[in-house]
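Chemist: So that we are looking at the same thing, I have put the structure below in structure tokens.
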Amino acid sequence: MRRYLLSTILCEKKGGKGHSSETIRKNLVTGTRTCCSSDRRLCLQLHRFLLASYSSGDKALDGYSKKKYVCKLLFIFLLGHDIDFGHMEAVNLLSSNRYTEKQIGYLFISVLVNSNSELIRLINNAIKNDLASRNPTFMGLALHCIANVGSREMAEAFAGEIPKILVAGDTMDSVKQSAALCLLRLYRTSPDLVPMGDWTSRVVHLLNDQHLGVVTAATSLITTLAQKNPEEFKTSVSLAVSRLSRIVTSASTDLQDYTYYFVPAPWLSVKLLRLLQCYPPPEDPAVRGRLTECLETILNKAQEPPKSKKVQHSNAKNAVLFEAISLIIHHDSEPNLLVRACNQLGQFLQHRETNLRYLALESMCTLASSEFSHEAVKTHIETVINALKTERDVSVRQRAVDLLYAMCDRSNAQQIVAEMLSYLETADYSIREEIVLKVAILAEKYAVDYTWYVDTILNLIRIAGDYVSEEVWYRVIQIVINRDDVQGYAAKTVFEALQAPACHENLVKVGGYILGEFGNLIAGDPRSSPLIQFNLLHSKFHLCSVPTRALLLSTYIKFVNLFPEVKTTIQDVLRSDSQLKNADVELQQRAVEYLRLSTVASTDILATVLEEMPPFPERESSILAKLKKKKGPSTVTDLEEAKRERSADVNGGPEPAPASAVSTPSPSADLLGLGAAPPAPAGPPPSSGGLLVDVFSDSPSAVAPLAPGSEDNFARFVCKNNGVLFENQLLQIGLKSEFRQNLGRMFIFYGNKTSTQFLNFTPTLICSDDLQTNLSLQTKPVDPTVDGGAQVQQVVNIECVSDFTEAPVLNIQFRYGGTFQNVSVKLPITLNKFFQPTEMASQDFFQRWKQLSSPQQEVQNIFKAKHPMDTEITKAKIIGFGSALLEDVDPNPANFVGAGIIHTKTTQIGCLLRLEPNLQAQLLESVSAKRWLPPGTHRAGGARGAVG
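Okay, so the sequence shown: first residue is 1 according to UniProt numbering, each after it adds one.
The structure is reproduced here in structure tokens:
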């Protein structure tokens, strides 16, 4: 074969008459199809040689021949061979006026030409010519090629032209479809290169187009654009509702070309429902009512008998139904629809189709987070438990576990936890750790009796000890230490559990810790005497890992303090060669130090050094944080935790974080270590004057370029420490702060309200030069990526060095969908945050008041109240401001009197406050603040900020 092809080519090249050119080409293709791999490589070389000979000779290939040979090259490429020639012939085909030739040219380019090709400029010119030709066939081929290649170079060249074609009035429907999908492709690959402009408002009106193909393509495009630019496309809501209404109320015969197995336009219906999920419920009552009618119609049609027994009919019908239920859950505003959706999903829980059971469980997980449908979801608990026991598909069983976790509350917690523990014994290894975390969370969250909680966790360790992470057994120890009422029971229970012949190492850890702290509570029982406790723990010693042995050694030295009668026995153990000469440095060091401590220390010193652990500060369970990290930021677990804060239906939970989804643990309320490190200064714009008016009026001076409304929120934080500082459609900023003397700590929560990641997320504190001198701020960095629906936390340590009148500015910069976002708000760190209330008698108050008469020691202001003056509200504001409210001090009972001390690093500034309202004229006739300084201190200029 090789010799034959080679000889024919050489004869042709030399001008021989052995074979015609057409015979050579036919033999080449025939040989390519039949020969082995090595022969194919030879054929490729010969084909290239042949093309070169014809292109350089007198006879040039015509369009038909180019098309044919380019097509054959494409065939050879599909056989798995690289093609590095013939590209120019394919580009030449783009200039042909024949459809078949142009089609093959575009096909070759879409498949073989990459964005780095030297021919890309020629290709772009040919595409531009076809787009400008107004020939719908040629325009369609060009748009398909752009979408198929989809490179950044293509986006740079055509992203500005395609929107014009899409919204042009004379563009044919088929071209509009192609243009919409082509633009969607470019936006997904290079969103920053697709400009938003006048065309955005015009493309929305394509939802009213008579051609449903155009509407379907436009809906896909608008949905993607609206996810990242919701304001630009909010007018699409009413048009989408109108189009959806026409579809769901039509008969299958009205949309014959777009009816799929008796379901009218199912793909378009699904896309419209997804588009509506980009927005909250419509504010217009008419539009909202029409949408509710559409959703009710979809739910009603789902109850009707099927019009066909074919699976395509049920698939199309259920696709629309599940998307409608997703929209109902997203809006979470119509109790009737939510309950109906829950009942509809309940019917699928026992459906013979596995996929439907899976989807029903997944949707009900989200429904369980709604206050309107939570009770309806709970009615299906027996069905879900049965699915957990009998379902063969592991993914469906996992969704059943998720649903049980989501529907759990105080009324059914013990039943659900028991069922999950029972399932855990036979659960798939891939989901055991997740089930362990969920059982631990539910047991803690809904424990009415903490003895049940202890039993549950110990049972959890017994069943799945290998999957019990450190966070789980750490947490049970924290709870036992913090609750006196359960300590004796925990010691007794863990002692009994350790008597089993085979104990998991995690149980030994829990037992060692609890018996070391509270073993004395059960030592009175002869069955659990000190020596028996020690022998029981030491019998497990040789079976444990090094960290557990280290913990047990600490337990032994605790026993020396608790039970002097076993001191000699424990010293013998510590003195043994296996301890003092242990190969592990940590164990050896502990043995030496504990032995020495037990030998030389007096009883009092031992009692002091080895005293009982103090209670742990209350904070959000680290188990919940671990579960969220394991599940990811946009999971059902996050939704359930963020939305289902129904009541005080949980145990020991901290104050809820002020954003929609929590991805980091809430900080403790303690202020330990506030001044640990010298803070780094931070930098900005000056604030407007004092706070004298701000507390009693809601109109602080505006400072550009702050975000709209941020000044109002700033004023509200003068008298409070927790809440939402700023919120728009993308971002929510919440604060939780605490202050003591001249130190403070602020926790800033940044919540991503969208489903798209924030990239390059950079919050910065900006202070002016004067403020940097007087206020030290130290910030901890945050993750530069904030996932959709997630929240990150930033800690700011604060130290008041001297009095100040300005407030720092918090600037947040990030990228959202390729668009740069920049938000600035004033951070509510004001001088009154370092106010400590001081009680004073009437005589002392007025004696000090009269002494402070210098202009530098007094600030007074008179202004009209913005709101009706309520006595209780005024008192609350004064107390929230930080000063002590002194009752029965002023001779005029209508006046308000306060006193306090502002703590800074350099000095303490005493402040007196007197508020004299004129209730008839709604005036604050005199709002005065006076301040005094301890002897020998410098003058403080911040007294004017002492009162709001």
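Note that beta-carbon positions come from the ideal geometry of N, C-alpha and C, so glycine has one too.
1. Are the CB atoms of Pro230 and Trp199 nearer to each other than 8 Å?
2. Which residues mark the beginning and the end of the beta strand (DSSP E) in which Ser737 is found?
3. Count the other CB atoms, across all protein chains shown, that sit within 10 Å of the CB of Asp58; report buried if there are 16 or more and exposed otherwise.
4. If you follow the beta strand (DSSP E) that Val433 is in, where does it begin and where does it stop?
5. So, with DSSP's three-state summary, where would you put Thr779?
6. Can you find the residues in the same chain that come closer than 8 Å, C-beta to C-beta, to Phe77, ignoring five residues on each side of it along the sequence?
7. Just checking my contact of Gln741 with His903 at CB under 8 Å: how many whole Å lie between their CB atoms?
8. So what's Phe896 in DSSP terms, helix, strand or just coil?
9. Just mark Gln441 as buried or exposed, buried being the case when its beta carbon has 16 or more other beta carbons within 10 Å.
10. Do three or more CB pairs link the region 177-197 to the region 773-789 at distances below 8 Å?
11. Measuring alpha carbon to alpha carbon, tell me which residue in Ser824, Tyr467, Ile477, Ala447 is nearest Val510.
12. In whole angstroms, what is the alpha-carbon distance linking Ala523 and Asp485?
13. Where does Thr565 land, buried or exposed, given buried means 16+ other C-beta within 10 angstroms?
14. Based on the DSSP output, what are the partners of Asn811 in its beta bridges?
15. Mapping DSSP to helix, strand and coil, what is His504?
16. On the criterion of 16 or more Cβ atoms from any shown chain inside 10 Å, does Gly789 qualify as buried, or is it exposed?
17. Starting from the Cα of Thr219, find the closest Cα among Arg246, Ala180, Ser245, Ser242 and give me that residue.
18. When you compare only the Cα positions, how much space is there between Arg848 and Ile901?
19. For Val204, which residues in the same chain have their Cβ closer than 7 Å to its Cβ, ignoring the five residues on either side in sequence?
20. Look up Ser666 in the DSSP assignment and say whether it is helix, strand or coil.
21. Does Gln860 come out as helix, strand or coil in the three-state DSSP assignment?
22. Can you check the region 230-291 for any alpha helix (DSSP H) of at least 4 residues that lies completely inside it and give the ranges in chain order?
23. Between the region 836-851 and the region 748-761, do three or more beta carbon pairs fall short of 8 Å?
24. Give a single yes or no on whether Phe77 has its beta carbon closer than 7 Å to a heavy atom of the ligand NAD.
25. What does DSSP give as the partner residue(s) for Met746 in the beta ladder?
26. With DSSP collapsed to three states, give me the class of Glu839.
27. Let's test the definition: count the other Cβ atoms within 10 Å of the Cβ of Tyr187 and tell me whether it reaches 16, buried, or not, exposed.
28. Give me the DSSP bridge partner(s) of Ala884.
29. May I ask you to list the residues that DSSP assigns as paired with Thr819?
30. Pull up the DSSP beta-bridge partners for Asn722, would you.
31. Go ahead and label Gly169 buried or exposed: buried means 16 or more other beta carbons lie within 10 angstroms of its beta carbon, across all protein chains shown.
32. Might you give, ordered along the chain, the residues of its own chain that have their beta carbon closer than 7 Å to the beta carbon of Leu639, omitting 5 neighbours on each side?
33. Going by the DSSP bridge assignment, what does Phe758 pair with across the sheet?
34. Just tell me which of Leu580, Leu531, Lys558 has its CA closest to the CA of Thr569.
35. Among residues of its own chain, excluding the 5 on either side of Leu356, which ones have a beta-carbon nearer than 8 Å to its beta-carbon?
36. For a test of the three-state rule: what should DSSP assign to Gly751, helix, strand or coil?
Modeler: Looking at the coordinates:
1. No, Cβ-Cβ distance for Pro230 and Trp199 is not below 8 Å.
2. Segment 731-740, the beta strand (DSSP E) holding Ser737.
3. Annotation note: pLDDT 40 at Asp58 (below 50); position unreliable, coordinate value reported separately. Around the beta carbon of Asp58, fewer than 16 other beta carbons sit within 10 angstroms, so the residue counts as exposed.
4. Reading the sequence as shown, one finds Glu at residue 433 and not Val. Looking at the DSSP string, Glu433 is not in any beta strand (DSSP E); the run it does join, the alpha helix (DSSP H), is 429-445.
5. Correct three-state label for Thr779: strand.
6. Setting aside the 5 residues that flank it on each side, Phe77 is surrounded in the same chain by Ile83, Val111, Leu112, each with a C-beta closer than 8 Å to its C-beta; the list follows chain order.
7. So it is a contact: roughly 4 Å between Cβ atoms.
8. If DSSP states are grouped into helix, strand and coil, Phe896 belongs with the strands.
9. Looking at the sequence itself, residue 441 is Ile, so the reference to Gln does not match. Counting Cβ neighbours within 10 Å, Ile441 comes out buried, since at least 16 surround it.
10. Flag = no, the region 177-197 and the region 773-789 do not touch.
11. The shortest Cα separation from Val510 among Ser824, Tyr467, Ile477, Ala447 belongs to Ile477.
12. Cα-Cα distance, rounded: 17 Å.
13. For the record, residue 565 in the displayed sequence is Glu; it is not Thr. A residue is called buried once 16 or more other Cβ atoms fall within 10 Å of its Cβ, and Glu565, having fewer, is exposed.
14. Note: Asn811 sits in a beta bridge opposite Thr764, Ser824.
15. Note: His504 maps to coil in three-state DSSP.
16. Counting Cβ neighbours within 10 Å, Gly789 comes out buried, since at least 16 surround it.
17. With distances taken between Cα atoms, Thr219 lies closest to Ala180.
18. Distance between the alpha carbons of Arg848 and Ile901: 14 Å.
19. The beta carbon of Val204 sits closer than 7 Å to the beta carbons of Ile222, Phe233, Thr235, Ser236, Leu239 from its chain, once the five residues preceding and following it are set aside; these are given in chain order.
20. Confidence at Ser666 is low in this model, with a pLDDT of 33, below 50, so its placement is unreliable and the value that follows should be read with caution. Judged by DSSP in its simplified three-state form, Ser666 adopts coil rather than helix or strand.
21. Note: Gln860 maps to strand in three-state DSSP.
22. Entirely contained in the region 230-291, the alpha helix (DSSP H) runs reaching 4 residues are, in chain order, 236-248, 266-276.
23. The region 836-851, when compared against the region 748-761, does not touch it at the 8 Å Cβ threshold.
24. Summarising the ligand content, the structure contains no ligands, and the ligand NAD is consequently not present.
25. The partner list for Met746 (beta bridge, DSSP) reads Ser737, Val796.
26. DSSP places Glu839 in the coil class of the three-state scheme, outside both helix and strand.
27. Buried: at least 16 other Cβ atoms inside 10 Å.
28. According to the DSSP secondary-structure assignment, Ala884 is paired through a beta bridge with Ala899.
29. Under the DSSP definition of a beta bridge, Thr819 partners with Tyr816.
30. Beta-bridge partners of Asn722 (DSSP): Lys736.
31. Label assigned to Gly169: exposed.
32. Bear in mind that the predicted position of Leu639 carries a pLDDT of just 42, short of 50, making it unreliable; the figure below should be weighed with that in mind. So the qualifying residues of the chain are Thr366, Ser369.
33. Beta-bridge pairing links Phe758 to Val786, Tyr816.
34. It is Leu531.
35. So the qualifying residues of the chain are Asn318, Phe348.
36. Strand at Gly751.
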